[in-house]
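Participant: In our numbering, the protein residues as written are 91 to 321.
For every residue, glycine included, the Cβ atom is placed at its ideal position computed from N, Cα and C.
Supplied in structure tokens, the structure appears directly below.
If you want it as structure tokens, here you go:
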């Protein structure tokens with residue numbers, strides 16, 4: 091289904107299995123903290139639950155790009171896989187903020203300090219499939235955490251799952267440097283089975299700045315299901 095179908099009705103409105111309504115941790119302190127010296131030209135390969143304190147890097151990270159990519163099994167029959175990058179903006183209680191647009195996805199591509207680029211409907215081609223641009227200085231002060239997820243559009247209805255997705259990753263890029271500098275990458279190595287979504291990463295505000303945490307949590311959910319779980 092093309093973008094017209096996604097925006098004006100499509101089969102995504104059919105109910106999929108809900109996710110548990112569990113409050114999140116608003117400080118990414120669980121897991122292993124990793125550090126990076128950008129002066130040495132390094133780039134971090136993150137493992138699940140690793141987190142990077144962006145305020146401890148040697149450069150001021152104000153404008154970043156969160157990029158995601160993947161490969162899918164192709165078939166002569168059936169619908170193309172359509173994976174969507176999205177972000178959920180949460181307050182300090184772990185619920186959707188009411189101060190600004192709290193869901194950034196293919197039909198609402200902007201919030202204060204966050205913008206999603208074009209919607210890749212097939213994932214074809216090499217490199218990043220979808221990108222999200224974040225300016226930390228412009229994020230509304232009520233936003234305590236940004237949850238970054240990738241969801242298979244109408245995955246349940248089309249019988250398309252993350253077990254059929256290969257080489258999925260999310261990476262963090264510093265846009266202020268020229269050329270742009272990749273800071274960290276998280277490759278999704280676990281088999282996704284029958285999951286239709288993955289909570290890829292969390293950007294969390296702390297008293298000292300922002301952290302980036304690799305999550306890699308599979309869900310059987312649509313964008314709407316995840317959105318409801320944070321209400």
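Alpha carbon to alpha carbon, how far is residue 230 from residue 189?
Facilitator: The sequence position of residue 230 within the chain shown is 140, counting from 1. The sequence position of residue 189 within the chain shown is 99, counting from 1. Distance between the alpha carbons of residue 230 and residue 189: 8 Å.
Participant: CA-CA distance, residue 314 and residue 194?
Facilitator: For the purposes of this step, residue 314 is taken as residue 224 along the chain shown, with counting starting at 1. For the purposes of this step, residue 194 is taken as residue 104 along the chain shown, with counting starting at 1. If I take the Cα positions, the gap works out to 12 Å.
Participant: Residue 236 bridges to which residues according to DSSP?
Facilitator: Counting from 1 along the chain shown, the entry for residue 236 is found at position 146. Paired residue(s): 179 and 293.
Participant: Looking at the secondary structure, which residues open and close the alpha helix (DSSP H) in which residue 70 lies?
Facilitator: This structure does not reach residue 70, given that the chain is present from 91 up to 321, and the question cannot be answered.
Participant: Alpha carbon to alpha carbon, how far is residue 144 from residue 227?
Facilitator: Walking along the chain shown from the start, residue 144 turns up at place 54. Walking along the chain shown from the start, residue 227 turns up at place 137. Each residue's alpha carbon lies about 13 Å from the other.
Participant: Which same chain residues, not among the five before or five after residue 253, have their C-beta less than 8 Å away from its C-beta?
Facilitator: Translated into positions along the chain shown, residue 253 becomes position 163. Once the five neighbours on either side are set aside, the close Cβ partners of residue 253 are 281, 282, 283, 284 and 285.
Participant: Which whole-angstrom value describes the C-beta separation of residue 232 and residue 157, a residue pair presumed to lie in contact below a C-beta threshold of 8 Å?
Facilitator: Locating residue 232 in the chain shown gives position 142, where the first residue counts as 1. Locating residue 157 in the chain shown gives position 67, where the first residue counts as 1. Contact flag wrong, Cβ pair sits at about 26 Å.
Participant: Once DSSP output is grouped into helix, strand and coil, what is the label at residue 317?
Facilitator: The count along the chain shown starts at 1 and reaches residue 317 at position 227. Three-state result, residue 317: helix.
Participant: Does the count of Cβ pairs from the region 231-245 and the region 290-298 closer than 8 Å reach three?
Facilitator: yes
Participant: What are the boundary residues of the beta strand (DSSP E) that includes residue 298?
Facilitator: Along the chain shown, one-based indexing puts residue 298 at 208. Premise fails: residue 298 is in no beta strand (DSSP E) and is neither H nor E.
Participant: In chain order, which beta strand (DSSP E) runs of at least 3 residues are fully inside the region 247-283?
Facilitator: 255-264 and 271-277
Participant: Starting from residue 153, trace the beta strand (DSSP E) both ways and give me its first and last residue.
Facilitator: By 1-based counting over the chain shown, the position of residue 153 is 63. It spans 153-162 - the beta strand (DSSP E) in which residue 153 sits, taken as one unbroken run.
Participant: When DSSP labels each residue in this structure, what does residue 78 get in the three-state scheme?
Facilitator: For the chain, the structure presents residues 91 to 321; residue 78 sits outside this window and is missing.
Participant: In chain order, what residues of the same chain lie with their CB nearer than 6 Å to the CB of residue 242, ignoring the 5 residues before and after it?
Facilitator: As a working mapping, residue 242 is identified with position 152 in the chain shown. Hits under 6 Å: 173, 250 and 286.
Participant: How big is the Cα-Cα spacing for residue 275 and residue 247?
Facilitator: Working through the chain shown from its first residue, we reach residue 275 at position 185. Working through the chain shown from its first residue, we reach residue 247 at position 157. The straight-line gap from Cα to Cα measures roughly 31 Å.
Participant: Would residue 223 pass as a contact of residue 205 if the rule is Cβ separation under 8 Å?
Facilitator: Working through the chain shown from its first residue, we reach residue 223 at position 133. Working through the chain shown from its first residue, we reach residue 205 at position 115. Contact: yes.
Participant: Given that a residue counts as buried once 16 or more other Cβ atoms are within 10 Å of its Cβ, and exposed if not, what is residue 256?
Facilitator: Along the chain shown, read from residue 1 onward, the residue named residue 256 stands at position 166. The residue is exposed, with fewer than 16 neighbouring Cβ atoms inside 10 Å.
Participant: With distances taken from CA atoms, which of 184, 146 and 169 is nearest residue 319?
Facilitator: Against the chain shown, residue 319 aligns to sequence position 229. Cα-wise, what sits closest to residue 319 is 184.
Participant: Check residue 306 in the structure and name its three-state DSSP category.
Facilitator: As a position in the chain shown, residue 306 is number 216, starting the count at 1. Under the three-state reduction of DSSP output, residue 306 falls in the strand class.
Participant: State the DSSP-derived secondary structure class of residue 116, mapped to helix, strand or coil.
Facilitator: The residue given as residue 116 occupies position 26 in the chain shown. Reliability fails at residue 116, whose pLDDT of 42 lies under 50, so the model's placement of it is uncertain and no value is given.
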